[in-house]
Amino acid sequence: MDVTPPARPPGLKEGPKKPPKKFRNVHVSFKKKQAVIDSFDEMGMAAALLKHFPHLRGPPLDTTRKKVYAWLNILSELVANSAVDDTIDPTDDIESTTNHEL
Numbered sequence: 007m008d009v010t011p012p013a014r015p016p017g018l019k020e021g022p023k024k025p026p027k028k029f030r031n032v033h034v035s036f037k038k039k040q041a042v043i044d045s046f047d048e049m050g051m052a053a054a055l056l057k058h059f060p061h062l063r064g065p066p067l068d069t070t071r072k073k074v075y076a077w078l079n080i081l082s083e084l085v086a087n088s089a090v091d092d093t094i095d096p097t098d099d100i101e102s103t104t105n106h107e108l
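Position 77 (the sequence shown) corresponds to 83 in our numbering; numbering is contiguous.
This is the structure we're talking about:
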């Protein structure tokens, strides 16, 4: 006697059920970013990308290159802001603004 599988509706899509994950939305920790930036300073962009992201090829590698340049810009802004904060003396600035004569 032949056994038939239970009837079920056909799938709506052909092919794979879920698309492969992309590297685009992966969170990168600050330590990893700092390691990549340090490698960039020592070896250059191509070697740093090959060292830290060996699994990337083609467009994802170009996207990661752009991300690294963005990290460098953000880091330079943070360093510039912290340098400005270091030059400001809050007690001196407060005293000079409160001792105005009317």
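Quick reminder that beta carbons are idealized off the backbone N, C-alpha and C, glycines included.
For H58, the CB contacts under 6 Å within the same chain, skipping 5 residues up- and downstream, are V42 in chain order. Within 10 angstroms of the beta-carbon of T69 lie fewer than 16 other beta-carbons, which makes it exposed.
Ranked by Cα distance from S82, the options Q40, P11, T10, V32 are led by Q40. Residue state for A76 is assigned as helix, using DSSP reduced to three classes. When the alpha-carbon of H33 is set against those of L84, A86, W77, N87, the nearest one is in W77. Contact check for M51 against V85 fails: the beta carbons are separated by 8 Å or more. Taking the CA atoms as reference points, K38 sits about 22 Å from N87. Secondary structure of S45 (DSSP, three-state): helix.
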